[in-house]
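Protein chains: 2
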Amino acid sequence: MSDLAARPVVELAGLLRSGELGAAEFTAACLEAIEAREGELHAWAHLDPEQALARARVLDRLPAGERGPLHGIPVGVKDIIDTADLPTEYGSPIYAGHRPAADAEVVVRLRAAGAVVIGKTVTTEFALFSPGRTTNPHDSTRTPGGSSSGSAAAVGAGTVPLALGTQTAGSVVRPASFCGIVGVKPTFDAIPSRGVKPASPTLDTVGIFARDVAGAAYALEALVGPRSGATGAPDRLRIGVAYTPEWDLVPADTCARIEETIVALGASIREVEVPGPFAGLVEAQTCVMNVEITHALAVERAYHYKQLSPILQQQLTAGDKVAWSYEAARAHIERCRGLLPVLFHGVDALLAPSVLGEAPPLEQGTGDPLLCRAWTALGTPTVSVPGLTGPVGLPLGIQVIAPPGRDDLALVGAQQVRDVLAGTFS
Amino acid sequence: MSDLAARPVVELAGLLRSGELGAAEFTAACLEAIEAREGELHAWAHLDPEQALARARVLDRLPAGERGPLHGIPVGVKDIIDTADLPTEYGSPIYAGHRPAADAEVVVRLRAAGAVVIGKTVTTEFALFSPGRTTNPHDSTRTPGGSSSGSAAAVGAGTVPLALGTQTAGSVVRPASFCGIVGVKPTFDAIPSRGVKPASPTLDTVGIFARDVAGAAYALEALVGPRSGATGAPDRLRIGVAYTPEWDLVPADTCARIEETIVALGASIREVEVPGPFAGLVEAQTCVMNVEITHALAVERAYHYKQLSPILQQQLTAGDKVAWSYEAARAHIERCRGLLPVLFHGVDALLAPSVLGEAPPLEQGTGDPLLCRAWTALGTPTVSVPGLTGPVGLPLGIQVIAPPGRDDLALVGAQQVRDVLAGTFS
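Residue numbers (our numbering), protein chains in the order written: chain A, 1 to 426; chain B, 1 to 426.
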């Protein structure tokens, strides 16, 4: 039973829906796995085993015909997302013991699909840059990444099959990469963000962690229905390598591994130069994010300033200093969104490194979202695929990016890249 | 004769105009002083002693009634400023041996006032951040500051009484501070910049170095006539201390020295909080500067990229990345200029530290213009006054800032601060 939670979501869903595996039995197994790792991992902000098991027992009594797609699947929910039956503290002492009046929309949908909200996972402070206590499941001296630290660590440790995160800069793709799992940041607003504590409302995107691409795709469809299934995705995508200016900062050994992947993808790959008018997207995203948090966190800043971390205090000051460029930044991002057909001309999806390197030591923070910022700004669906390792043997991810609304292409492309990685490096 | 060049400009001008001191005699004395220090100082890009002496001998033959205010005063001219009779290389190998067809407007005015253009002083590359060979006259292991490195060092070493520089971020105030002399950045465009190699045309400002405030004021009037003399400046100004957010970065010992100065200024001083709408001026100035250099240096970038320093290559890339915010940055600066009456309400001039500390070691570059950027953006006349020293005994300056067009107030305020510094710390 001990590695049951690490099995593919689709397989688990089949077993649970058919009754071969009981929801309470599986929830208990996950709780056991969590307990075994939690002393080192610190992935959870709130757990209520009794409540989770009670919910699972209710699900076990549902007749087969009424079982949802996520029937009996325990899911970790990032503690930036409101839950009415568990505390929601947003990673901040200001909200110690806070219990929202209502579930966030995505939690409503999770429950409607039959999932068991098994607990709340550790988030960085307000899903920004001040780390929580969570460690990396592959090396407890290193960060799991942020801001969806606990969700990525819990799935990476194989203690739950599925978890929810959010991404404003790189908070799904980065921890997925560091923890060696799949992270899906869908098209902006594909999963409603109502009931998620806002940081930067034009960027905040709810996302999903799973151990395999199919599991993440299955969960996404369970939450929002089929994504652009109308036109369908071809079996084998034409994938472009998006040479953004930030590639210059990727270590040579990581680049070499990605080049091998590219070679293995063979004829389906081509180079895509990012045209000049896209320059400055990273800066525009940073500006929008830093200015929007000054609005989103205005009350906390005004009344609880001393309870904000120094990192957040500095980020708010940084926001004040670029407020004059906010409208221009939004306009630049909109302009670039309009230019996306140029970037996707002749390719179905793009490929890029997820992160600048392996997970840094805990004391260095949660890592740099640099390579994610532009894609978050553009609102593109982005899937981080595991399968590479860096020089010290820790996981690295590759992002697969598709045009907004074409989450299906991002997921099919991610599967294609995953197959190549499994064949090349396993 | 050896310290003649270090005597006050006004005194020298009197001796030269009356004939008590011959122009050729004084030019020879300056050339001798230059030669004595140049092996260590490297302040000069081009010297032509014969030409300078020939010009001085012509001046010596002028009848007293035809002698200009700068009659016989040898002046160092920053090598970013065009001269038809001396090479002008802009601190870049791209322009090795370049000789402009005409003098810059300020050089025309210098010559018309009777000055001897004794040579061209070392500038950083295109008056930006890649250092030239010049060392600090007080410590040859340290930078003289930039970008007007040679002009400040030459005056600081007492080898010429007067020199011209330019400021786009902090290139007059910073080297004046590091070299322990007076630097005047007049109101934007007070001295015409025609014939100065443009870096950032909305910011580039021609300025003056001298050893005393009166000398700098005298030279400014010789070049542009009386500045706002119509209303006149009161004898004793009301001086405000401009507490910008950047004060947080000034070392405690420097702050303490400035506080002593403030106390010594007594009743004429008051604290001025910089209001919120001024936030981000440093960032806006940096944006405007970095974007404008991409236009000003477009030809050099396109055809001579490999001859640009890595520092400049990076700055041009930084400019590309914020091009989207250029108009917003200009608008923010204009808005802040409109708000200047709020800043100067109840005070005639403002006081602030010139630099974050003493001159850094040569290998660390030319120092940080951080504390100058906002004032350059606002186009305010700014005078750096020497008289403080830092923990290792090297000079530090205090900036005195007045509203645009009121260079007279900046100079009177500078004299007032200088008197206090001389009384307090000498």
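By construction, the Cβ of each residue, glycine as well, lies at the ideal position given by its N, Cα and C atoms.
{"query": "DSSP three-state assignment for VAL342/A, whether helix, strand or coil", "result": "helix"}
{"query": "Proximity test, ASP253/B beta-carbon vs the ligand COA heavy atom, cut-off 7 Å", "result": "Looking for the ligand COA in the displayed structure turns up nothing, as the structure carries no ligands at all."}
{"query": "SER140/B in three-state terms, based on DSSP", "result": "coil"}
{"query": "Minimum Cβ-Cβ distance from GLU327/B to chain A less than 8 Å", "result": "yes"}
{"query": "Cβ-Cβ distance between GLU292/A and PRO353/A below 8 Å", "result": "no"}
{"query": "Test item: CB-CB of ALA112/B and GLY158/B under 8 Å", "result": "no"}
{"query": "C-alpha distance - VAL196/A paired with SER147/A, whole-angstrom precision", "result": "14 Å"}
{"query": "Interface flag, ASP320/A vs chain B, CB-CB below 8 Å", "result": "yes"}
{"query": "Status (buried if at least 16 other CB within 10 Å, exposed otherwise) for GLN364/A", "result": "exposed"}
{"query": "Any chain A beta carbon closer than 8 Å to GLU273/B", "result": "no"}
{"query": "Pair within 8 Å by beta-carbon distance, VAL116/A and PRO87/A", "result": "no"}
{"query": "7 Å CB neighbourhood of ARG194/B in its chain, flanking five on each side removed", "result": "ALA104 and GLU105"}
{"query": "Rounded straight-line distance, which links the Cα of SER92/A to that of LEU317/A", "result": "Note on residue identity: the sequence assigns Thr, not Leu, to residue 317/A. C-alpha separation (whole angstroms): 18 Å."}
{"query": "8 Å contact criterion, which VAL272/B and TYR303/B should meet: CB distance rounded", "result": "Not quite, the Cβ-Cβ distance comes to about 48 Å (not below 8 Å), so this is no contact."}
{"query": "Closer than 8 Å to chain B by CB, TRP324/A", "result": "yes"}
{"query": "Helix, strand or coil at ALA264/B according to DSSP, with G and I counted as helix", "result": "helix"}
{"query": "Within chain A, the residues that ALA377/B reaches when beta carbons sit closer than 9 Å", "result": "Neighbours of ALA377/B on chain A: none; closest Cβ ~12 Å, over 9 Å."}
{"query": "Cβ pair ALA43/A, VAL173/A closer than 8 Å", "result": "no"}
{"query": "Collapsed DSSP secondary structure at ALA210/A in the structure displayed", "result": "strand"}
{"query": "Where LEU220/B falls: helix, strand or coil (DSSP)", "result": "helix"}
{"query": "Straight-line gap, PRO386/B to ALA5/B (C-alpha atoms, nearest Å)", "result": "18 Å"}
{"query": "Cβ of GLU246/A within 8 Å of any chain B Cβ", "result": "no"}
{"query": "Burial state of SER171/B (16 or more Cβ within 10 Å)", "result": "buried"}
{"query": "Own chain, CB closer than 7 Å to MET289/A, minus 5 neighbours either side, in chain order", "result": "THR168, ALA169, SER200 and LEU203"}
{"query": "Chain B contacts from the stretch 290 to 316 of chain A (Cβ-Cβ distance under 7 Å)", "result": "none"}
{"query": "Proximity winner among GLY423/A, GLY76/A and GLU25/A, relative to ARG61/A (alpha-carbon distances)", "result": "GLU25/A"}
{"query": "Assigned secondary structure, HIS332/B (DSSP; H/G/I helix, E/B strand, else coil)", "result": "helix"}
{"query": "The stretch 274 to 288 of chain B: positions lying closer than 8 Å to chain A by Cβ", "result": "GLY276, ALA279, GLY280, VAL282, GLU283, ALA284 and CYS287"}
{"query": "CA-to-CA distance, GLN51/B to ASP82/B, given in whole angstroms", "result": "17 Å"}
{"query": "Alpha-carbon to alpha-carbon, GLU260/A and ILE208/A", "result": "27 Å"}
{"query": "Under 9 Å from the C-beta of HIS98/A: neighbouring residues of chain E", "result": "Within the model displayed, chain E is absent; protein chains A and B are what it includes."}
{"query": "Chain A contact residues for HIS42/B, given Cβ-Cβ distances below 9 Å", "result": "Going along chain A, no residue has its Cβ under 9 Å from HIS42/B, so there is no contact; the nearest lies around 34 Å."}
{"query": "Same chain, Cβ closer than 7 Å to VAL224/B, five either side skipped, listed in chain order", "result": "ALA190 and ILE191"}
{"query": "GLU40/B vs SER151/B beta-carbon contact at 8 Å", "result": "no"}
{"query": "ARG227/B versus GLY338/B, PHE188/B and ASP3/B, residue with shortest Cα-Cα distance", "result": "PHE188/B"}
{"query": "Cα-Cα separation between LEU15/A and VAL77/A, rounded to whole angstroms", "result": "23 Å"}
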